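For reference, the structure is listed below as structure tokens.
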Amino acid sequence: MSEPLRVGRIAYTNVAPVYTAFDTGAVSVEARFITGVPSDLNAKLDRAELDAGPVSAAYYLRHADRYTLIPTVCIAARDEVLSVALVSSLPPGLLADQPIAVTRDSASGLALLNLLLRRRYGIEPVFEPVDDPLEAARQGRPTLLIGDRALDARQIFARSHFYDLAQLWNDWTAGSMVFAVWVARASVAVERPDEVAALGGAFGRSVEWSRSHTDEVIAAAQRQAPRDTALYAKYFSTLSYTFDAEARAGLARFASELGYSEALHVGC
30 MSEPLRVGRI AYTNVAPVYT AFDTGAVSVE ARFITGVPSD LNAKLDRAEL DAGPVSAAYY
90 LRHADRYTLI PTVCIAARDE VLSVALVSSL PPGLLADQPI AVTRDSASGL ALLNLLLRRR
150 YGIEPVFEPV DDPLEAARQG RPTLLIGDRA LDARQIFARS HFYDLAQLWN DWTAGSMVFA
210 VWVARASVAV ERPDEVAALG GAFGRSVEWS RSHTDEVIAA AQRQAPRDTA LYAKYFSTLS
270 YTFDAEARAG LARFASELGY SEALHVGC
């Protein structure tokens, strides 16, 4: 009997609506979950240390030939995302020649910010990777924040200094922004198709369960990172976890803007 699929799990509260049903036993799944930040999970998949899991949308688009999309789950934002933001005292269009501190943890957030600055605002950005982006923002440096650090930044910085990247994307394209997708390595999808299909079905059921168990999902997020309940309620209602037609269209637009449309296979 083969070992369970090794499946990545993002170490942020934004995936609570995806994994809480598994944690509570409400939905069963044959998998061994391995937790990490997005960039680490990308690398583990690349080294075949994971069989499946979430990857940043930008990473998937660069390597679509290596992976098969799991079409039941994603992390998308129809309007604002709350957890991917540029914190800056200057508006984005005035950041030419201004070094922007960026996290090392997210490929999609950085790719989206780079795209917006170049294509929407017409400036050539200068990025400086830092180990502690929240501290860089506290020092007054323009900074890209993602995940829980971005949520914390909403409580620290003036709203006028907080530029939600999904909101900027939506204002520009009138579409959704997909930040992460779930994939299986292409070889695993070929060798273990029934298990990959079962995994996709479990993710779909887990996301569906979360819609009617909001209190349990928020409680799980609170255990990981205590925050105001109203913030988590807003956060999880803002995000979309279903890889539906609107999310697919948003991913296709992102692929087109990045020049990867030939590699994108949204219908799989």
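Start counting the sequence shown at 30; every next residue gets the next number (this note's numbering). Where a beta carbon is used, it is the ideal one built from N, C-alpha and C, also for glycine. Everything numeric in this text was worked out from a predicted model, so none of it was measured.
Nearest to SER85 by alpha carbon, out of GLY288, SER285, ALA218 and LEU280? LEU280
Which value, in whole angstroms, describes the spacing of the CA atoms of ILE185 and ARG178? 10 angstroms
Let's see if you can read the secondary structure: which residues bound the beta strand (DSSP E) around ILE129? 128-131
Taking one C-beta from the region 232-246 and one from the region 255-275 each time, how about it: are there three or more such pairs within less than 8 angstroms? yes
Please return the same chain residues whose Cβ sits closer than 7 angstroms to the Cβ of GLN299, not counting the five positions on each side in sequence. Nothing in the structure corresponds to residue 299, since the chain is present only between 30 and 297.
CA-to-CA distance, PHE232 to THR64, given in whole angstroms: 16 angstroms
Given 6 angstroms as the limit, tell me if ALA60 has its C-beta closer than that to any heavy atom belonging to the ligand MN. You won't find the ligand MN in this model; it holds no ligand whatsoever.
Measure the C-alpha to C-alpha separation of PRO222 and PRO100 and round it to an integer number of angstroms. 14 angstroms
Check whether the region 152-164 and the region 78-93 are in contact - that is, three or more C-beta pairs closer than 8 angstroms. no
Using only the alpha-carbon positions, how far apart do GLU164 and GLY229 sit? 38 angstroms
Anticipated Cβ contact below 8 angstroms, ILE175 with VAL155, distance rounded: With a Cβ gap of about 19 angstroms, ILE175 and VAL155 do not count as contacting.
List the whole-angstrom C-beta distance separating ALA215 from ARG95, where the pair is believed to meet the contact cut-off of C-beta under 8 angstroms. 6 angstroms
Curious, which full-length alpha helix (DSSP H) runs of at least 4 residues does the region 49-98 contain? 67-75 and 86-91
Three-state secondary structure assigned by DSSP to GLY296: Low confidence applies to GLY296: its pLDDT is 37, below 50, so where it sits in the model is not reliable enough to give any reading.
When you compare each of ALA166, ARG61 and GLN253 to LEU119 by their alpha carbons, which one comes out closest? ALA166
Which whole-angstrom value describes the C-beta separation of GLY169 and TYR150, a residue pair presumed to lie in contact below a C-beta threshold of 8 angstroms? Not quite, the Cβ-Cβ distance comes to about 21 angstroms (not below 8 angstroms), so this is no contact.
Can you tell me which residues form a DSSP beta bridge with ILE175? VAL113
Taking 6 angstroms as the limit between beta carbons, can you name the residues of its chain near GLU224, skipping five residues before and five after? LEU34
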